[in-house]
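Down below is the structure, laid out as structure tokens.
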Amino acid sequence: MNAHVYLAYDYPLLGAFWTVLWIVLWVAWFCLLFRVIADIFRDDTLSGWAKAGWLILTILLPFLGVFVYVLARGRSMGARERRHLQAQQQAFDAYVREAAGSTGRRSEADELMKLSEIRARGDISDEEFRRAKEKILH
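Numbering (full-length UniProt numbering), first residue to last: 1 to 138.
Here's what the structure looks like:
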């Protein structure tokens with residue numbers, strides 16, 4: 001009588017499930033490991049020696065190092081991530097505003113010049129020109 005129980009491999013679908021589960025867990029583990037390492041370098045409150053210590057602990061004993069780091073500094077890790085994302089968003093917004101301002105918006109001088117050309121052609125009266133000029137300048 002065979003005493004071995006092959007639960008996962010008696011059913012090929014269950015074997016595939018376990019394989020996928022292990023792959024997902026390993027990918028999640030590496031994502032967490034790299035986030036911790038990035039947070040170590042991003043943290044401005046840590047001294048150089050503290051960063052080196054956390055990094056050595058994380059590299060030499062990865063499971064223990066990440067576990068201890070997340071327990072000790074996990075809350076501030078989230079705050080640093082939020083600040084980093086906000087800074088990125090602000091930089092992107094500034095870039096978009098700068099790019100749109102240089103090509104999409106016309107300056108007041110351009111608007112006044114166009115308005116002056118319209119008046120010179122006689123398409124608008126002096127009174128309409130004055131109102132349009134006030135609108136542009138204010």
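All residues carry an ideal CB built from backbone N, CA and C; glycine is no exception.
Remember, it's a predicted structure, so these values are computed and weren't measured experimentally.
Check: Residue burial classification, Thr103 (beta-carbon count within 10 angstroms, cutoff 16); Outcome: For Thr103, the pLDDT reaches just 49, beneath the cut-off of 50, and the residue's location in the model is therefore unreliable, although a value from the coordinates is still provided. That one is exposed.
Check: Inter-residue spacing [alpha-carbon to alpha-carbon] between Leu57 and Val70; Outcome: 13 Å
Check: Residue range of the unbroken alpha helix (DSSP H) whose run includes Ile124; Outcome: Segment: none, Ile124 is in no alpha helix (DSSP H) and carries neither H nor E.
Check: Distance between Met113 and Ile136 (C-alpha atoms, nearest Å); Outcome: 11 Å
Check: Cβ-Cβ distance between Leu21 and Pro62 below 8 Å; Outcome: no
Check: Contact between the segment 46 to 55 and the segment 82 to 101 (3+ Cβ pairs under 8 Å); Outcome: no
Check: Own chain partners of Leu13 with C-beta closer than 7 Å, once the 5 adjacent residues on each side are dropped; Outcome: none
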